[in-house]
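Residue numbers (the working numbering): 740 to 1184.
For each residue, glycine too, the CB sits at the ideal point set by N, CA and C.
Note that the structure is a prediction, hence the values are computed from the model and not measured.
Right, one structure below, let's go through it.
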Amino acid sequence: MTKFNQVKLIRDASGSPIPSQYWDDVKQTFIIPGGEGVDFTKKKLIRDAVGAVIPQYWDGDKGGFAAITSGNLQSKETINQGRLMTDFSRWLLWYGVVSQDTEHVKVGQSSVKVTTNDANTTSASRLRSVQFNLSKTKTMMIRFYVEDVNKLSNIELRLSSVDNMASYLSWKTTKWKVISGWNEVMIPLSKLNVVGNESLNNTITTLQISVTGDHTFVVFDGIYINRKSKGNVLLHFDDGFISQYTNAFPLMLARGFVGSVGVISGSVGTTGYMNLAQLKELYNYGWDLFNHTVTHQDLSTLSINRIQAELDVCREWLISNGFSRTADFVAYPYGGYNNDVLEVMKNYKLGRSIREEYEILPPIQPHLLKTVILYNNVEENTFITAIDYVIETGATVIFLLHKVEDVNTEEMNYPTEKFKNMLDYLYSKQEELNVLSWSEYANMF
(Lines of atoms letter the chains of each structure in order from A and count residues from 1; the text may use other names and numbers.)
(Lines give C-alpha, C1' and ligand atoms only; values in the text may rest on other atoms or scores of the structure.)
Protein backbone atom coordinates (compact mmCIF):
# COMPACT_ATOMS: atom_id res chain seq x y z
CA MET A 1 0.00 0.00 0.00
CA THR A 2 1.31 3.44 -0.93
CA LYS A 3 2.25 5.75 1.94
CA PHE A 4 0.81 9.07 0.84
CA ASN A 5 3.06 11.07 3.13
CA GLN A 6 5.78 10.06 0.70
CA VAL A 7 3.97 10.96 -2.50
CA LYS A 8 2.92 14.19 -4.13
CA LEU A 9 -0.28 15.00 -5.96
CA ILE A 10 0.52 15.85 -9.56
CA ARG A 11 -0.85 19.06 -11.02
CA ASP A 12 -0.67 20.44 -14.53
CA ALA A 13 0.69 23.87 -15.45
CA SER A 14 -2.55 25.60 -14.48
CA GLY A 15 -2.56 23.93 -11.05
CA SER A 16 -5.36 21.45 -11.81
CA PRO A 17 -4.92 17.91 -10.41
CA ILE A 18 -4.10 15.29 -13.03
CA PRO A 19 -6.47 12.35 -12.36
CA SER A 20 -5.03 9.48 -10.32
CA GLN A 21 -1.40 10.44 -10.91
CA TYR A 22 1.13 10.74 -8.09
CA TRP A 23 4.88 11.23 -7.83
CA ASP A 24 6.46 8.76 -5.43
CA ASP A 25 9.51 10.32 -3.73
CA VAL A 26 10.75 6.92 -2.57
CA LYS A 27 10.47 5.14 -5.91
CA GLN A 28 11.27 8.32 -7.88
CA THR A 29 8.60 7.54 -10.44
CA PHE A 30 4.98 8.27 -11.32
CA ILE A 31 2.36 5.84 -10.02
CA ILE A 32 -1.33 5.23 -10.66
CA PRO A 33 -3.02 3.99 -7.45
CA GLY A 34 -5.51 1.28 -8.33
CA GLY A 35 -4.17 0.99 -11.87
CA GLU A 36 -6.66 3.38 -13.44
CA GLY A 37 -5.82 4.55 -16.93
CA VAL A 38 -5.29 8.20 -17.71
CA ASP A 39 -5.99 9.80 -21.07
CA PHE A 40 -3.73 12.81 -21.64
CA THR A 41 -4.43 14.78 -24.81
CA LYS A 42 -1.69 17.36 -24.60
CA LYS A 43 1.62 18.11 -22.95
CA LYS A 44 1.37 19.21 -19.33
CA LEU A 45 4.01 20.69 -17.08
CA ILE A 46 4.11 18.50 -13.98
CA ARG A 47 3.99 20.15 -10.56
CA ASP A 48 3.84 18.61 -7.13
CA ALA A 49 1.24 19.44 -4.49
CA VAL A 50 2.97 22.65 -3.42
CA GLY A 51 3.39 23.90 -6.97
CA ALA A 52 7.07 23.05 -7.49
CA VAL A 53 8.05 21.77 -10.92
CA ILE A 54 8.89 18.06 -11.13
CA PRO A 55 11.49 17.69 -13.89
CA GLN A 56 9.21 15.68 -16.21
CA TYR A 57 6.17 16.40 -18.32
CA TRP A 58 3.54 14.27 -20.02
CA ASP A 59 3.98 14.22 -23.79
CA GLY A 60 0.55 13.57 -25.30
CA ASP A 61 2.03 12.90 -28.73
CA LYS A 62 4.42 10.22 -27.52
CA GLY A 63 2.12 8.86 -24.82
CA GLY A 64 4.67 8.96 -22.03
CA PHE A 65 6.59 11.11 -19.55
CA ALA A 66 9.70 12.88 -20.83
CA ALA A 67 12.52 14.72 -19.09
CA ILE A 68 12.40 18.50 -19.22
CA THR A 69 14.99 20.18 -21.41
CA SER A 70 15.21 23.80 -22.48
CA GLY A 71 14.09 22.70 -25.93
CA ASN A 72 11.00 20.68 -25.16
CA LEU A 73 9.84 22.96 -22.36
CA GLN A 74 9.97 25.96 -24.68
CA SER A 75 7.45 24.21 -26.90
CA LYS A 76 4.96 24.24 -24.04
CA GLU A 77 5.32 27.93 -23.22
CA THR A 78 3.16 29.87 -25.64
CA ILE A 79 5.06 32.97 -26.74
CA ASN A 80 3.98 34.75 -29.89
CA GLN A 81 7.02 36.83 -30.76
CA GLY A 82 4.85 39.28 -32.68
CA ARG A 83 5.29 40.78 -36.12
CA LEU A 84 8.27 42.80 -37.26
CA MET A 85 7.20 46.39 -37.87
CA THR A 86 10.63 47.70 -38.93
CA ASP A 87 14.22 46.46 -38.85
CA PHE A 88 15.60 50.05 -39.07
CA SER A 89 17.48 49.29 -42.30
CA ARG A 90 15.59 52.06 -44.15
CA TRP A 91 15.78 54.71 -41.43
CA LEU A 92 17.57 57.92 -42.43
CA LEU A 93 19.23 60.92 -40.83
CA TRP A 94 16.92 63.57 -39.42
CA TYR A 95 19.51 65.58 -37.49
CA GLY A 96 22.77 65.01 -35.63
CA VAL A 97 24.85 61.94 -36.47
CA VAL A 98 23.08 58.87 -37.89
CA SER A 99 24.44 55.92 -39.87
CA GLN A 100 23.60 52.33 -40.76
CA ASP A 101 25.28 49.70 -38.58
CA THR A 102 26.10 46.11 -39.59
CA GLU A 103 27.86 45.11 -36.36
CA HIS A 104 24.96 45.22 -33.89
CA VAL A 105 22.26 43.32 -35.76
CA LYS A 106 19.72 40.79 -34.50
CA VAL A 107 17.26 41.01 -37.40
CA GLY A 108 17.66 42.14 -41.01
CA GLN A 109 20.85 43.22 -42.75
CA SER A 110 21.56 46.41 -40.82
CA SER A 111 20.44 48.55 -37.90
CA VAL A 112 20.48 52.31 -37.42
CA LYS A 113 23.17 53.89 -35.23
CA VAL A 114 22.28 57.19 -33.57
CA THR A 115 25.34 59.00 -32.16
CA THR A 116 25.70 62.02 -29.88
CA ASN A 117 29.13 63.48 -30.57
CA ASP A 118 29.10 66.27 -27.98
CA ALA A 119 27.99 66.84 -24.41
CA ASN A 120 24.22 66.83 -23.84
CA THR A 121 23.32 66.71 -27.53
CA THR A 122 20.50 64.97 -29.36
CA SER A 123 20.56 63.09 -32.66
CA ALA A 124 17.53 61.65 -34.43
CA SER A 125 16.58 59.30 -37.24
CA ARG A 126 13.28 59.03 -39.13
CA LEU A 127 11.31 56.57 -41.22
CA ARG A 128 8.83 58.36 -43.51
CA SER A 129 6.21 57.57 -46.13
CA VAL A 130 4.96 54.44 -44.38
CA GLN A 131 1.41 53.25 -43.72
CA PHE A 132 0.90 51.59 -40.32
CA ASN A 133 -2.57 50.83 -38.99
CA LEU A 134 -2.09 50.46 -35.24
CA SER A 135 -5.71 50.95 -34.23
CA LYS A 136 -6.01 47.35 -32.98
CA THR A 137 -2.43 46.99 -31.77
CA LYS A 138 -1.97 46.54 -28.02
CA THR A 139 1.79 46.34 -27.53
CA MET A 140 5.07 47.23 -29.18
CA MET A 141 8.53 45.83 -28.43
CA ILE A 142 11.69 47.77 -29.28
CA ARG A 143 15.19 46.27 -29.32
CA PHE A 144 18.30 48.43 -29.04
CA TYR A 145 21.98 48.34 -28.07
CA VAL A 146 23.39 50.93 -25.63
CA GLU A 147 27.12 51.61 -25.95
CA ASP A 148 27.57 53.09 -22.43
CA VAL A 149 24.60 53.66 -20.16
CA ASN A 150 26.61 56.12 -18.04
CA LYS A 151 26.88 58.48 -21.02
CA LEU A 152 23.23 58.20 -22.01
CA SER A 153 20.50 60.60 -20.95
CA ASN A 154 17.34 59.40 -22.68
CA ILE A 155 15.80 57.70 -25.70
CA GLU A 156 12.51 58.77 -27.28
CA LEU A 157 10.30 57.15 -29.92
CA ARG A 158 7.62 59.21 -31.70
CA LEU A 159 4.82 58.07 -34.01
CA SER A 160 2.85 60.52 -36.15
CA SER A 161 0.21 60.59 -38.86
CA VAL A 162 1.57 63.85 -40.31
CA ASP A 163 4.87 64.38 -42.06
CA ASN A 164 5.90 67.43 -40.04
CA MET A 165 5.10 65.63 -36.77
CA ALA A 166 3.14 68.59 -35.44
CA SER A 167 1.22 66.05 -33.39
CA TYR A 168 2.51 62.67 -32.27
CA LEU A 169 2.46 59.80 -29.77
CA SER A 170 5.63 59.28 -27.76
CA TRP A 171 7.47 56.84 -25.51
CA LYS A 172 10.58 57.82 -23.56
CA THR A 173 13.02 55.96 -21.34
CA THR A 174 16.06 57.12 -19.38
CA LYS A 175 19.50 55.79 -18.50
CA TRP A 176 18.13 54.52 -15.18
CA LYS A 177 15.89 51.98 -16.89
CA VAL A 178 18.30 50.46 -19.40
CA ILE A 179 21.67 48.71 -19.29
CA SER A 180 24.79 48.80 -21.42
CA GLY A 181 24.52 46.30 -24.26
CA TRP A 182 21.30 44.84 -25.62
CA ASN A 183 17.89 45.86 -24.30
CA GLU A 184 14.35 44.82 -25.17
CA VAL A 185 11.44 46.88 -23.84
CA MET A 186 7.70 46.25 -24.05
CA ILE A 187 5.60 49.36 -24.69
CA PRO A 188 1.86 49.24 -23.97
CA LEU A 189 0.41 51.54 -26.61
CA SER A 190 -2.35 52.59 -24.24
CA LYS A 191 0.35 54.35 -22.18
CA LEU A 192 1.87 56.44 -24.99
CA ASN A 193 2.00 60.18 -24.34
CA VAL A 194 -0.24 62.20 -26.65
CA VAL A 195 0.96 65.52 -28.11
CA GLY A 196 -1.59 67.48 -30.12
CA ASN A 197 -4.53 65.57 -31.56
CA GLU A 198 -2.66 62.42 -32.54
CA SER A 199 -4.43 59.07 -32.15
CA LEU A 200 -3.81 55.39 -32.85
CA ASN A 201 -6.95 55.53 -34.97
CA ASN A 202 -4.96 57.59 -37.47
CA THR A 203 -2.70 55.89 -40.01
CA ILE A 204 0.88 56.30 -38.78
CA THR A 205 3.08 57.61 -41.60
CA THR A 206 6.22 58.84 -39.81
CA LEU A 207 8.36 57.33 -37.05
CA GLN A 208 11.22 59.09 -35.26
CA ILE A 209 13.79 57.83 -32.78
CA SER A 210 16.11 60.19 -30.88
CA VAL A 211 19.01 59.81 -28.47
CA THR A 212 20.27 62.41 -25.99
CA GLY A 213 23.63 61.86 -24.34
CA ASP A 214 27.32 62.69 -24.10
CA HIS A 215 29.66 61.20 -26.74
CA THR A 216 27.86 57.89 -27.02
CA PHE A 217 25.63 55.93 -29.37
CA VAL A 218 22.57 53.68 -29.38
CA VAL A 219 21.87 51.16 -32.14
CA PHE A 220 18.22 50.39 -32.93
CA ASP A 221 17.59 46.94 -34.34
CA GLY A 222 13.87 46.17 -34.50
CA ILE A 223 10.33 47.10 -33.51
CA TYR A 224 7.73 44.35 -33.17
CA ILE A 225 3.99 44.64 -32.62
CA ASN A 226 1.42 42.33 -31.03
CA ARG A 227 3.89 40.14 -29.16
CA LYS A 228 1.82 37.87 -26.93
CA SER A 229 2.69 35.83 -23.86
CA LYS A 230 1.41 35.50 -20.34
CA GLY A 231 2.98 37.87 -17.85
CA ASN A 232 5.21 36.56 -15.07
CA VAL A 233 5.81 37.72 -11.50
CA LEU A 234 8.80 36.60 -9.40
CA LEU A 235 9.26 37.44 -5.72
CA HIS A 236 12.93 37.67 -4.73
CA PHE A 237 13.99 37.99 -1.09
CA ASP A 238 17.66 38.94 -0.79
CA ASP A 239 19.97 38.07 2.12
CA GLY A 240 17.85 35.41 3.88
CA PHE A 241 16.53 37.55 6.75
CA ILE A 242 14.48 35.73 9.38
CA SER A 243 11.34 37.78 8.67
CA GLN A 244 11.22 36.22 5.21
CA TYR A 245 10.52 32.92 6.97
CA THR A 246 8.39 34.12 9.89
CA ASN A 247 6.28 36.69 8.01
CA ALA A 248 6.52 36.35 4.22
CA PHE A 249 6.47 32.55 3.98
CA PRO A 250 3.15 31.96 5.84
CA LEU A 251 1.39 34.71 3.91
CA MET A 252 2.56 33.30 0.58
CA LEU A 253 1.83 29.71 1.54
CA ALA A 254 -1.77 30.65 2.37
CA ARG A 255 -2.21 31.91 -1.20
CA GLY A 256 -0.32 29.12 -2.94
CA PHE A 257 2.66 31.27 -3.95
CA VAL A 258 6.37 30.44 -3.86
CA GLY A 259 9.34 32.79 -3.73
CA SER A 260 13.11 32.73 -4.14
CA VAL A 261 15.69 33.62 -1.48
CA GLY A 262 19.17 35.01 -2.10
CA VAL A 263 21.35 33.17 0.41
CA ILE A 264 24.50 34.71 1.89
CA SER A 265 26.13 31.43 2.83
CA GLY A 266 28.37 32.99 5.49
CA SER A 267 25.37 34.50 7.30
CA VAL A 268 23.16 31.42 7.57
CA GLY A 269 22.26 30.76 11.22
CA THR A 270 23.63 34.06 12.51
CA THR A 271 21.54 36.68 14.32
CA GLY A 272 18.73 38.02 12.17
CA TYR A 273 19.11 35.41 9.41
CA MET A 274 17.42 32.10 8.68
CA ASN A 275 19.09 28.92 9.82
CA LEU A 276 19.65 25.80 7.76
CA ALA A 277 16.48 24.04 8.94
CA GLN A 278 14.34 27.01 7.96
CA LEU A 279 15.95 27.23 4.54
CA LYS A 280 15.33 23.52 4.03
CA GLU A 281 11.66 23.97 4.86
CA LEU A 282 11.31 26.72 2.28
CA TYR A 283 13.08 24.60 -0.31
CA ASN A 284 10.81 21.63 0.40
CA TYR A 285 7.81 23.87 -0.20
CA GLY A 286 9.05 24.75 -3.67
CA TRP A 287 10.99 27.92 -2.89
CA ASP A 288 14.30 28.46 -4.67
CA LEU A 289 17.51 29.31 -2.82
CA PHE A 290 19.95 31.19 -5.03
CA ASN A 291 23.53 32.45 -4.82
CA HIS A 292 24.01 35.81 -3.06
CA THR A 293 27.74 35.23 -2.35
CA VAL A 294 29.56 34.25 0.85
CA THR A 295 30.09 37.62 2.54
CA HIS A 296 27.81 40.04 0.63
CA GLN A 297 30.53 42.34 -0.68
CA ASP A 298 30.13 44.60 -3.69
CA LEU A 299 31.63 42.37 -6.38
CA SER A 300 32.61 45.33 -8.54
CA THR A 301 35.19 46.32 -5.90
CA LEU A 302 36.93 42.92 -5.78
CA SER A 303 39.66 41.26 -7.83
CA ILE A 304 38.52 38.66 -10.32
CA ASN A 305 39.90 35.90 -8.08
CA ARG A 306 37.88 37.18 -5.11
CA ILE A 307 34.78 37.43 -7.27
CA GLN A 308 35.27 33.82 -8.34
CA ALA A 309 35.68 32.69 -4.74
CA GLU A 310 32.60 34.56 -3.50
CA LEU A 311 30.41 32.90 -6.10
CA ASP A 312 32.01 29.45 -6.22
CA VAL A 313 32.08 28.90 -2.45
CA CYS A 314 28.45 29.97 -2.09
CA ARG A 315 27.48 27.66 -4.94
CA GLU A 316 29.31 24.77 -3.31
CA TRP A 317 27.56 25.48 0.00
CA LEU A 318 24.14 25.47 -1.66
CA ILE A 319 24.79 22.23 -3.52
CA SER A 320 26.30 20.46 -0.50
CA ASN A 321 23.19 21.27 1.53
CA GLY A 322 20.84 19.95 -1.13
CA PHE A 323 19.90 23.30 -2.69
CA SER A 324 21.14 22.67 -6.22
CA ARG A 325 18.12 23.98 -8.13
CA THR A 326 19.33 27.60 -8.42
CA ALA A 327 22.89 27.39 -7.08
CA ASP A 328 24.02 28.74 -10.47
CA PHE A 329 21.71 31.77 -10.25
CA VAL A 330 23.29 34.91 -8.77
CA ALA A 331 22.05 38.20 -7.33
CA TYR A 332 24.83 40.81 -7.16
CA PRO A 333 25.15 42.37 -3.66
CA TYR A 334 24.30 46.09 -3.85
CA GLY A 335 23.75 45.52 -7.57
CA GLY A 336 27.50 45.84 -8.13
CA TYR A 337 28.96 44.33 -11.28
CA ASN A 338 31.61 45.11 -13.90
CA ASN A 339 33.34 43.32 -16.76
CA ASP A 340 35.23 41.02 -14.36
CA VAL A 341 31.97 39.98 -12.71
CA LEU A 342 30.39 39.27 -16.08
CA GLU A 343 33.46 37.25 -17.10
CA VAL A 344 33.09 35.02 -14.02
CA MET A 345 29.35 34.80 -14.67
CA LYS A 346 30.01 32.93 -17.91
CA ASN A 347 30.11 29.85 -15.66
CA TYR A 348 26.71 30.67 -14.15
CA LYS A 349 23.24 30.51 -15.64
CA LEU A 350 21.45 33.70 -14.57
CA GLY A 351 22.34 36.95 -12.83
CA ARG A 352 20.17 39.67 -11.35
CA SER A 353 21.02 43.34 -10.95
CA ILE A 354 19.07 46.05 -9.12
CA ARG A 355 18.46 48.11 -12.25
CA GLU A 356 14.74 48.88 -12.16
CA GLU A 357 12.77 47.76 -15.20
CA TYR A 358 10.89 44.78 -16.62
CA GLU A 359 12.13 41.75 -18.54
CA ILE A 360 10.94 40.05 -21.73
CA LEU A 361 10.94 36.28 -22.09
CA PRO A 362 13.50 35.05 -22.99
CA PRO A 363 15.78 37.74 -21.48
CA ILE A 364 18.19 39.27 -23.97
CA GLN A 365 20.87 39.67 -21.24
CA PRO A 366 20.34 36.75 -18.82
CA HIS A 367 23.19 37.86 -16.52
CA LEU A 368 21.70 41.33 -16.04
CA LEU A 369 18.06 40.74 -15.14
CA LYS A 370 16.25 43.83 -13.87
CA THR A 371 13.94 44.29 -10.89
CA VAL A 372 11.35 46.48 -9.22
CA ILE A 373 12.56 47.11 -5.66
CA LEU A 374 10.03 47.39 -2.83
CA TYR A 375 11.51 49.62 -0.14
CA ASN A 376 9.82 50.94 3.00
CA ASN A 377 8.66 54.19 1.44
CA VAL A 378 7.47 52.69 -1.86
CA GLU A 379 3.76 53.26 -2.32
CA GLU A 380 1.39 50.40 -3.06
CA ASN A 381 0.63 51.89 -6.46
CA THR A 382 4.11 50.73 -7.52
CA PHE A 383 3.28 47.05 -7.32
CA ILE A 384 -0.20 47.61 -8.77
CA THR A 385 1.30 49.41 -11.77
CA ALA A 386 3.92 46.69 -12.26
CA ILE A 387 1.43 43.83 -12.05
CA ASP A 388 -0.96 45.54 -14.44
CA TYR A 389 1.94 46.20 -16.82
CA VAL A 390 2.98 42.54 -17.06
CA ILE A 391 -0.63 41.48 -17.58
CA GLU A 392 -1.02 43.97 -20.42
CA THR A 393 2.33 43.32 -22.11
CA GLY A 394 3.25 39.73 -21.22
CA ALA A 395 6.50 40.95 -19.66
CA THR A 396 8.15 39.72 -16.44
CA VAL A 397 8.61 41.64 -13.21
CA ILE A 398 10.98 40.55 -10.46
CA PHE A 399 9.93 42.17 -7.20
CA LEU A 400 12.93 42.54 -4.88
CA LEU A 401 12.35 42.57 -1.13
CA HIS A 402 14.55 42.30 1.93
CA LYS A 403 12.92 42.41 5.36
CA VAL A 404 9.15 42.02 5.82
CA GLU A 405 8.27 43.35 9.27
CA ASP A 406 5.48 45.29 10.98
CA VAL A 407 7.52 47.86 12.92
CA ASN A 408 10.77 48.67 11.17
CA THR A 409 11.73 52.03 9.69
CA GLU A 410 14.78 50.70 7.81
CA GLU A 411 14.73 51.52 4.12
CA MET A 412 15.13 47.84 3.21
CA ASN A 413 12.04 46.80 5.18
CA TYR A 414 8.73 46.39 3.39
CA PRO A 415 5.87 46.66 5.90
CA THR A 416 3.91 43.45 6.40
CA GLU A 417 0.58 45.11 5.66
CA LYS A 418 1.82 46.43 2.30
CA PHE A 419 3.25 43.01 1.51
CA LYS A 420 -0.06 41.33 2.33
CA ASN A 421 -1.90 43.81 0.12
CA MET A 422 0.46 43.03 -2.74
CA LEU A 423 -0.16 39.30 -2.35
CA ASP A 424 -3.90 39.87 -2.28
CA TYR A 425 -3.69 41.89 -5.49
CA LEU A 426 -1.58 39.16 -7.10
CA TYR A 427 -4.07 36.55 -5.95
CA SER A 428 -6.93 38.49 -7.53
CA LYS A 429 -5.04 38.52 -10.85
CA GLN A 430 -3.61 35.00 -10.82
CA GLU A 431 -5.70 33.82 -13.78
CA GLU A 432 -4.02 36.49 -15.89
CA LEU A 433 -0.37 35.88 -14.95
CA ASN A 434 2.13 33.36 -13.57
CA VAL A 435 3.65 33.67 -10.09
CA LEU A 436 6.90 31.74 -10.38
CA SER A 437 10.03 30.73 -8.55
CA TRP A 438 13.29 31.63 -10.29
CA SER A 439 13.85 28.06 -11.52
CA GLU A 440 10.33 27.88 -12.95
CA TYR A 441 10.99 31.12 -14.81
CA ALA A 442 14.30 29.76 -16.14
CA ASN A 443 12.59 26.59 -17.35
CA MET A 444 10.58 28.70 -19.78
CA PHE A 445 13.54 29.45 -22.03
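- Under the three-state reduction of DSSP, residue 839 is assigned to strand.
- Pairing residue 910 with residue 879 gives a Cβ-Cβ distance under 9 Å.
- Under the three-state reduction of DSSP, residue 1073 is assigned to helix.
- The beta carbons of residue 1093 and residue 1128 sit no closer together than 9 Å.
- Its chain contains 1142, 1143 and 1144 as the residues whose beta carbon lies nearer than 7 Å to that of residue 982, once the 5 sequence neighbours on both sides are disregarded; these appear in chain order.
- Cβ contact annotation for residue 844 (same chain, cutoff 6 Å, sequence separation greater than five): 850, in chain order.
- Pairwise C-beta distances place the stretch 901-917 out of contact with the stretch 970-989, as fewer than three of them are shorter than 8 Å.
- For residue 947, DSSP records a beta bridge to 865 and 897.
- The Cβ atoms of residue 1098 and residue 1135 sit closer than 9 Å to each other.
- In chain order, 1004, 1005, 1049, 1052 and 1053 place their CB closer than 6 Å to the CB of residue 1033, counting only its own chain and leaving out the 5 sequence neighbours on each side.
- For the 9 Å CB-CB criterion, residue 974 and residue 998 form a contact.
- Residue 1085 counts as exposed, since fewer than 16 other C-beta atoms from the protein chains shown sit within 10 angstroms of its C-beta.
- In the DSSP assignment, residue 1059 falls within the unbroken alpha helix (DSSP H) covering 1043-1059.
- Cβ-Cβ distances below 6 Å link residue 856 to 836 in the same chain, with the five nearest sequence neighbours on each side left out; the list follows chain order.
- Setting aside the 5 residues that flank it on each side, residue 932 is surrounded in the same chain by 908, 909, 910 and 911, each with a C-beta closer than 8 Å to its C-beta; the list follows chain order.
- Assignment of beta-bridge partners to residue 921 by DSSP yields 884.
- Between residue 846 and residue 823 the beta-carbon gap is near 7 Å, inside 8 Å, which marks them as a contact.
- Just so you know, the alpha carbons of residue 963 and residue 827 end up roughly 11 Å apart.
- For residue 1177, the uninterrupted alpha helix (DSSP H) run begins and ends at 1177-1181, by DSSP.
- A distance below 6 Å between beta-carbons, with the five flanking residues on each side excluded, links residue 897 to the following residues of its chain, in chain order: 907, 909 and 947.
- Straight across, the Cα-Cα distance linking residue 1023 with residue 1058 is about 15 Å.
- For residue 959, the enclosing beta strand (DSSP E) begins and ends at 955-964.
- Counting only unbroken stretches of 4 or more residues, the alpha helix (DSSP H) elements lying wholly within the stretch 1060-1118 are 1078-1083, in sequence order.
- Of all alpha-carbon atoms in 862, 821, 848 and 1174, the one lying nearest the alpha-carbon of residue 834 is that of 862.
- Collapsing the DSSP output to three states places residue 991 in a helix.
- In this structure, 1158 is the residue among 1106, 1158, 929 and 1177 with its C-alpha nearest to the C-alpha of residue 1113.
- As the crow flies, the alpha-carbon of residue 1036 is around 37 Å from that of residue 968.
- Around the beta-carbon of residue 1146, fewer than 16 other beta-carbon atoms lie within 10 Å, marking it exposed.
- Distances from the alpha-carbon of residue 1025 to those of 1011, 1000 and 1140 put 1000 closest.
- Contact between residue 1065 and residue 1028 is confirmed by a C-beta separation of about 7 Å, below the 8 Å threshold.
- Taking each of 1044, 1179 and 992 in turn and checking the Cα distance to residue 1068, the smallest one comes out for 1179.
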